[in-house]
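The numbering used here runs 1 ahead of the 1-based position in the sequence shown. Note that the Cβ used here is the ideal one computed from N, Cα and C, for glycine as well. Small disclaimer: the values here were computed from a predicted structure and weren't measured.
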Amino acid sequence: MWNQFFLLEEYTGTDTQYVGKLHTDQDKGDGNLKYILTGDGAGSLFVIDENTGDIHAAKKLDREEKSLYVLRAKAIDRKTGRQVEPESEFIIKIHDINDNEPKFTKDLYTASVPEMSGVGIIKTALPDMSRENREQYQVVIQAKDMGGQMGGLSGTTTVNITLTDVNNNPPRFPQSTYQFYSPESVPLGTHLGRIKANDPDVGENAEMEYSIAEGDGADMFDVITDKDTQEGIITVKQNLDYENKMLYTLKVDASNTHPDPRFLYLGPFKDTAVVKISVEDTDEPPVFSKIFYLIEVDEDVKEGSIIGQVTAYDPDAMNNLIKYSVDRHSDMDRIFSIHSENGSIFTLKPLDRESTPWHNITITATEINNSKQSSRIPVFIRILDINDHAPELAMYYETFVCENAKPGQLIQTVSVMDKDDPPRGHKFFFEPVPEFPLNPNFTIVDNKDNTAGIMTRKDGYSRNKMSTYLLPILIFDNDYPIQSSTGTLTIRVCACDNQGNMQSCNAEALVLSAGLSTGALIAILLCVVILLVLVVLFAALKRQRKKEPLIISKDDVRDNIVTYNDEGGGEEDTQAFDIGTLRNPEAREDSKFRRDVMPETIFQIRRTVPLWENIDVQDFIHRRLKENDSDPSAPPYDSLATYAYEGNDSIADSLSSLESPTVDCNQDYGYLSDWGPRFKKLADMYGGDDSDRD
Numbered sequence: 002m003w004n005q006f007f008l009l010e011e012y013t014g015t016d017t018q019y020v021g022k023l024h025t026d027q028d029k030g031d032g033n034l035k036y037i038l039t040g041d042g043a044g045s046l047f048v049i050d051e052n053t054g055d056i057h058a059a060k061k062l063d064r065e066e067k068s069l070y071v072l073r074a075k076a077i078d079r080k081t082g083r084q085v086e087p088e089s090e091f092i093i094k095i096h097d098i099n100d101n102e103p104k105f106t107k108d109l110y111t112a113s114v115p116e117m118s119g120v121g122i123i124k125t126a127l128p129d130m131s132r133e134n135r136e137q138y139q140v141v142i143q144a145k146d147m148g149g150q151m152g153g154l155s156g157t158t159t160v161n162i163t164l165t166d167v168n169n170n171p172p173r174f175p176q177s178t179y180q181f182y183s184p185e186s187v188p189l190g191t192h193l194g195r196i197k198a199n200d201p202d203v204g205e206n207a208e209m210e211y212s213i214a215e216g217d218g219a220d221m222f223d224v225i226t227d228k229d230t231q232e233g234i235i236t237v238k239q240n241l242d243y244e245n246k247m248l249y250t251l252k253v254d255a256s257n258t259h260p261d262p263r264f265l266y267l268g269p270f271k272d273t274a275v276v277k278i279s280v281e282d283t284d285e286p287p288v289f290s291k292i293f294y295l296i297e298v299d300e301d302v303k304e305g306s307i308i309g310q311v312t313a314y315d316p317d318a319m320n321n322l323i324k325y326s327v328d329r330h331s332d333m334d335r336i337f338s339i340h341s342e343n344g345s346i347f348t349l350k351p352l353d354r355e356s357t358p359w360h361n362i363t364i365t366a367t368e369i370n371n372s373k374q375s376s377r378i379p380v381f382i383r384i385l386d387i388n389d390h391a392p393e394l395a396m397y398y399e400t401f402v403c404e405n406a407k408p409g410q411l412i413q414t415v416s417v418m419d420k421d422d423p424p425r426g427h428k429f430f431f432e433p434v435p436e437f438p439l440n441p442n443f444t445i446v447d448n449k450d451n452t453a454g455i456m457t458r459k460d461g462y463s464r465n466k467m468s469t470y471l472l473p474i475l476i477f478d479n480d481y482p483i484q485s486s487t488g489t490l491t492i493r494v495c496a497c498d499n500q501g502n503m504q505s506c507n508a509e510a511l512v513l514s515a516g517l518s519t520g521a522l523i524a525i526l527l528c529v530v531i532l533l534v535l536v537v538l539f540a541a542l543k544r545q546r547k548k549e550p551l552i553i554s555k556d557d558v559r560d561n562i563v564t565y566n567d568e569g570g571g572e573e574d575t576q577a578f579d580i581g582t583l584r585n586p587e588a589r590e591d592s593k594f595r596r597d598v599m600p601e602t603i604f605q606i607r608r609t610v611p612l613w614e615n616i617d618v619q620d621f622i623h624r625r626l627k628e629n630d631s632d633p634s635a636p637p638y639d640s641l642a643t644y645a646y647e648g649n650d651s652i653a654d655s656l657s658s659l660e661s662p663t664v665d666c667n668q669d670y671g672y673l674s675d676w677g678p679r680f681k682k683l684a685d686m687y688g689g690d691d692s693d694r695d
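Listed below in C-alpha cells is the structure:
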C-alpha cells in the first residue's frame, strides 16, 4: 500500500508503537491469506500480524544508532502456499526527536593569541590586552540546539587561552648609576663588574645588547654582553694608571636586538645608565725609559771607563728612590758594573772583540724602600773593532822550488788572515823586509787581492849548495793604527821532472849518490865495523880485569870512591862561533860580550857584513874564519864550568866505604843477591872471591 513508513524514536509508551499496515486487494477477509515480513529487524524490532498485516515496533528505536530500515513483505495463500502478490520492498524511517544535547569534541581546548591582537573567532573583549599583566585566560563555551529556543538542549566546553609575547617593551635599567673599583695593575681583559637592564618581554624579544655610548673612558674600557644572563660585563681595555687618572665616567646603552616595527611608535627600545670606575693605587715596580738598551764601545777602552747609562723611575705617587745592580748570572766573568745611584755602566776588565764581540747583560732596578718591587732590562753591549792584531800567514806553506827552475816562475801563492774586522774590509800589502830589500833568489809580488805570489829570480838551484831557503815577508794592513808582522816562508830545493812535478827533496841522498863511489861506501862501512869490534873488546877486557877490594870490613858497605878527571884551563872557545848563524845565515851578526869573564879592555863593537842565504856553506865558514882571524878583539876567553848533583837515597842505604874501618880481610858481597833483581848485576860482579880472582 505504501513504500515508506515513519516511526518516532525513543517511544516511551506502554503499548507497542504502530508502524503501519500491509494489505492486498486479494484479501477477502476469510483468513486464507498470510502476511510475511522479512528484512532489517524483521521479527525482532518489527513484528507483523500475519492475518491483518499490521506492523508494530517491538522495541524502542534510536535514530542516532540507525535511522533507516529496509523491509520486504509478501502475501501467500495459506492452503497452497502460493504468493498472491509479488514481494515488495518498503522503508521504515525513524523520525528524530531532540533527545541529545550538543557535545564538544574535546573536553578542554587550548588556544593562543598574540597580545595586542585584533578580533577573531574568539575575540578579545578588552583592547590592547597585555601579556605582562595577565598571560593565562580560561573561557567556558556553551552550544545550544534548536537555535537556542525553549526546549532545546545544550553542551559546554572549556578553552584555555594564552597570550603570546610580542616585543612591545623596551629594556630598563633598575638604577641610573653604577659604581665599580679597579686596581691600576689589573691585566687587560679583567672583568670589573656586571650591569643588567630589565625587559618584561620573553625569549628573543627580551634579548639585548650593551654598548658604551660616550664618556671619558670609552677608549680605556669595553662592555660585552653575556648571552646567557643578558648582562653587560665591564672589562679593562687598556692599562690603567692611577697617577694619570683616578676616575672614569661611562654611559652604557642597553638596546633590544630584535625590535618589532609595529611598536616603534612607543619610543626607542633602549635605555642608558652611567657607570663610574674608580682606579685604586698599587705599589708598582720601577719602569725603565726603554724596553732594551744597546751600547757600543771600542775594545781598547780603559778599565773603569763609563760606556753607557740606564734610567728607571718609580711610577707611584710616592716616587721612591731606586738602586741599580748587574745580574751576575748574565755577567759571570764580572766584566761590567753599574753605579747603584745613577745607573752608569762601566768596565771592570779589558775588552776583546776577537774573543767576545757581544755582551748581553741584565740590569735590575729595585725600590730602596721595598726590595720586592724590581724590574729587569736587557742591555746589549757591542764591542767595536780596533786594529790591534797584526796580519799573519793564513797557514803553514810547504813550498818547494825545482832545481831546474827558470826565472819568473810562480812557486807559491800565500794568503793572510787577520783577527780584526775593519768596517771597510781587509786590505793587505806584501813587501820584503827592510833589512834585505833586494833578494837575489826570489821575488815577492803583491797581487792586490790580499794574496802574494813568490816568483823565482835566478836560473837553477842546487840542493848540494843550499837545500833550504828562508824568505821573510813583511805583511801589513791599511787600518789605523797600521799593524804589521813578518812571516817566514821555508822554501826547499827539490828535484823535479820536466813537467815541474816534485820527485825528491833529500839533500843527503844527493850527496851520497853524487860524491861517493861504491868502493868508498864499502870502506866507510868496514871502518864502522872495526870500531864497533874494538869497543866490544875493550869492554870485555875491562870486565875481566881483577878488581882490588875497596872495603875491608864485611859489616859496613859503603860507596866506592869514584874519581872524575876534569881538565881545567885551556882555550875558551865556546862562543867562538854562533851555531845559530849556521841555521839562519840571514840573521844579524852582533858581537856579544862574555857574561862569565869581564874582559880587561872594552873593544869596539864589530859589525859583521850580512851574507845572503844562497852562499855555499864552505864559503860562509871561510869568510867568518877570515873575519875573526883579522879581528884582534874577537873572543874567546877561557872559563871553567862546574856542575854538581846529588841524587836520592838508595833503598840499600849507603854503599860508600869512606867511613868503613880498615881491616885486612876481603869484603863479602854475597848479601847483594838478596836485594832483588835490581842488584843482580852488582851481585855477579862482587859476589865472592871467585869474582875477585877472575
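N-terminal and C-terminal residue of the alpha helix (DSSP H) that residue i is part of
i	result
Ala684	Lys681 to Met686
Beta strand (DSSP E) segment containing residue i, residue limits
i	result
Gly677	Per DSSP, Gly677 belongs to no beta strand (DSSP E) and is neither H nor E.
Cys497	Ser485 to Cys497
Phe337	Phe337 to Ile339
Met418	Leu411 to Met418
Glu432	Phe429 to Pro433
Phe696	Nothing can be reported for residue 696: it is not among the residues displayed for the chain, which extend from 2 to 695.
Gly40	Leu34 to Gly40
Gly156	Ser155 to Thr165
Gly233	Glu232 to Val237
His330	Unbroken run through His330: none, as it is neither H nor E.
Asn257	Leu248 to Asn257
Own chain partners of residue i with C-beta closer than 6 Å, once the 5 adjacent residues on each side are dropped
i	result
Gln143	Ser155 and Thr157
Lys104	Gly156
Gln239	Met221
Tyr36	Leu23, Ile49, Glu51, Gly54 and Ala76
Leu62	Glu10 and Ile95
C-alpha gap between residue i and residue j, whole angstroms
i	j	result
Phe437	Tyr470	14 Å
Thr357	Phe381	12 Å
Ala207	Pro262	15 Å
Ser1	Leu475	This structure cannot settle anything about residue 1, because the visible part of the chain is limited to 2 through 695.
Lys543	Val536	11 Å
Arg329	Ile336	10 Å
Lys303	Lys373	35 Å
Tyr182	Val276	11 Å
Ile278	Val288	25 Å
Ala406	Asn448	21 Å
Tyr12	Val167	58 Å
Ile412	Tyr462	13 Å
Ile580	Arg458	Legend: pLDDT at Ile580 = 48, less than 50; position of this residue unreliable, no value from coordinates given.
Asp227	Gly233	6 Å
Ala43	Ile162	53 Å
Collapsed DSSP secondary structure at residue i in the structure displayed
i	result
Gly21	strand
Asn99	coil
Ala76	strand
Cys403	strand
His390	coil
Glu90	strand
Pro262	helix
Ala521	helix
Leu46	coil
Leu322	coil
The ligand ADP heavy atom lying under 7 Å from the CB of residue i
i	result
Asp284	As far as ligands go, the structure on display features none, and thus does not contain the ligand ADP.
8 Å CB neighbourhood of residue i in its chain, flanking five on each side removed
i	result
Ile483	Asn388 and Phe477
Asp242	Glu185, Val280 and Pro316
Ser68	Lys94, Ile95 and Asp97
Arg173	Ala198, Asn199, Asp200 and Asp272
Thr236	Gly190, Thr191, His192, Leu193, Phe222, Asp223, Val224 and Ile225
Phe347	Gly305, Ser306, Ile307, Ile308, Phe337, Ser338, Ile339 and His340
Cβ neighbours of residue i in the same chain (closer than 7 Å, five flanking residues each side left out)
i	result
Ile603	Its pLDDT being 40, under 50, Ile603 is placed unreliably in this model, and the coordinates cannot settle the point.
Ser177	Ala274 and Val275
Asp556	Any reading at Asp556 is ruled out, since the residue's pLDDT is 49, under 50, leaving its predicted position unreliable.
CB contact check: residue i to chain C, cutoff 8 Å
i	result
Ser183	This model lacks chain C altogether, as it is built from one protein chain only.
Legend entry - Within the segment 196 to 221, ranges of the beta strand (DSSP E) (whole runs, at least 3 residues): List check, beta strand (DSSP E) in window: 209 to 216.
Legend entry - beta strand (DSSP E) runs contained entirely in the segment 341 to 373, provided each spans 3 or more residues: Runs of the beta strand (DSSP E) inside the segment 341 to 373: 345 to 348 and 359 to 368.
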